[in-house]
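J.: Got a structure here, written out as structure tokens. Questions coming.
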Amino acid sequence: MKKIISFFIILTFNFNLFGQDYQKKLFKINNDSLPYRILLPKDFDPKKKYPLLVFLHGAGERGNDNENQLYHSSNFFLSYEFRNSFPSIIIFPQCPKNSYWAKIKGIPNPKYPTQKESFSDNLPKNSQLLIVESLLSNIENTYKIDPNKRYIAGLSMGGMGTFELVARNPNYFAAGIAICGGANPNWAKFFKKTPLWIFHGMKDKVVPPELSINMYDSIKNYNSESKLTLYENVGHNSWDPAYKEVEIMNWLFSYKKK
Numbered sequence: 002m003k004k005i006i007s008f009f010i011i012l013t014f015n016f017n018l019f020g021q022d023y024q025k026k027l028f029k030i031n032n033d034s035l036p037y038r039i040l041l042p043k044d045f046d047p048k049k050k051y052p053l054l055v056f057l058h059g060a061g062e063r064g065n066d067n068e069n070q071l072y073h074s075s076n077f078f079l080s081y082e083f084r085n086s087f088p089s090i091i092i093f094p095q096c097p098k099n100s101y102w103a104k105i106k107g108i109p110n111p112k113y114p115t116q117k118e119s120f121s122d123n124l125p126k127n128s129q130l131l132i133v134e135s136l137l138s139n140i141e142n143t144y145k146i147d148p149n150k151r152y153i154a155g156l157s158m159g160g161m162g163t164f165e166l167v168a169r170n171p172n173y174f175a176a177g178i179a180i181c182g183g184a185n186p187n188w189a190k191f192f193k194k195t196p197l198w199i200f201h202g203m204k205d206k207v208v209p210p211e212l213s214i215n216m217y218d219s220i221k222n223y224n225s226e227s228k229l230t231l232y233e234n235v236g237h238n239s240w241d242p243a244y245k246e247v248e249i250m251n252w253l254f255s256y257k258k259k
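Structural data, given as structure tokens:
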């Protein structure tokens, strides 16, 4: 038991230590606010233009502590390999506890299985994504961003938000990564200019893999550069194997806005 507690303390310490590299910010617009973290490149030069990457977390990381959204993916972007190979500005917004990155018809179970969720036929107006859009505009007014190198990634609920944010802004992002997410296949026409690499575990009991498969089958008719990777013996956590894909960031950052 002592070993388990010690290991947990070490993990918590490392997470908090790494999290310090992400500056805490609060974006306010009208009567709304959105906590977010920002990671600037090593040796940041305010006169230089950088790529921008926004990451949308899953439902389990919702809240207002401006901490939990870093839980699953922040260390990946702090790695020596990433920071030296892909200097960029990384944004981690945090969705409120009772909100959602994606607009859906179904009401999620409190424990967040999503089998009963369905997506609107018409591209919806999602209040949280509207705030994210405003946040991105604010970031571009604050820092020098390369307009041809804007990227997005997300997992689970954030994977759904990734699909929706790209669909709502078909001329904004150069490319994206959607992990164990889903959306309405009828939106595929909005992905003509934005290749996506889609990941899903075939044994996912939280978000059905069919949601990603159906999206890819529709998107590939409009965008032949999009990709689908399925993991046969993986459940909901398909982000860990996705991050181990050697070419994942080379693929993402190779794209420039068309």
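Going by the numbering used here, the sequence shown opens with residue 2, and the numbers climb by one from there.
Glycine included, C-beta positions come from ideal geometry on N, C-alpha and C.
Kindly indicate which residue of A175, P42, L131, Y51 has the alpha-carbon position closest to the one of D261.
T.: No answer is possible for residue 261: it lies beyond the span of the chain, which begins at 2 and ends at 259.
J.: With which residues is V55 paired in a DSSP beta bridge?
T.: The partner list for V55 (beta bridge, DSSP) reads I92, I153.
J.: Compare the beta carbon distance of P210 and K194 with 8 angstroms and say whether it is the shorter of the two.
T.: No; because the gap between Cβ atoms is not below 8 angstroms, this pair is not in contact.
J.: With a threshold of 8 angstroms, are at least 3 pairs of Cβ atoms found where one atom belongs to the region 90–106 and the other to the region 34–43?
T.: yes
J.: Return the first residue and the last residue of the beta strand (DSSP E) that Q70 is part of.
T.: Where Q70 is concerned, there is no enclosing beta strand (DSSP E), given that its DSSP letter is neither H nor E.
J.: Leaving out five residues before and five after Y232 in sequence, what residues of the same chain have Cβ atoms less than 6 angstroms from its Cβ?
T.: G202, S239, P242
J.: Rounded to the nearest angstrom, how far is the Cβ of P196 from that of A176, given a contact under 8 angstroms?
T.: P196 to A176, Cβ: 5 angstroms. Contact.
J.: Along the beta strand (DSSP E) that carries W102, what are the first and last residues, could you check?
T.: Taken as a continuous stretch (DSSP letters only), W102 belongs to no beta strand (DSSP E), as it is neither H nor E.
J.: Determine the closest residue to V167 out of Y144, P125, E141, with distance taken between C-alpha atoms.
T.: Looking at the Cα atoms, P125 is the closest of the given residues.
J.: Helix or strand or just coil, what does DSSP make of F83?
T.: helix
J.: For G59 versus Q95, is the C-beta spacing smaller than 8 angstroms?
T.: no
J.: Go ahead and label E62 buried or exposed: buried means 16 or more other beta carbons lie within 10 angstroms of its beta carbon, across all protein chains shown.
T.: buried
J.: Mind checking whether I180 and G162 have CB atoms under 8 angstroms apart?
T.: Taking 8 angstroms as the Cβ cut-off, I180 and G162 do not qualify as a contacting pair.
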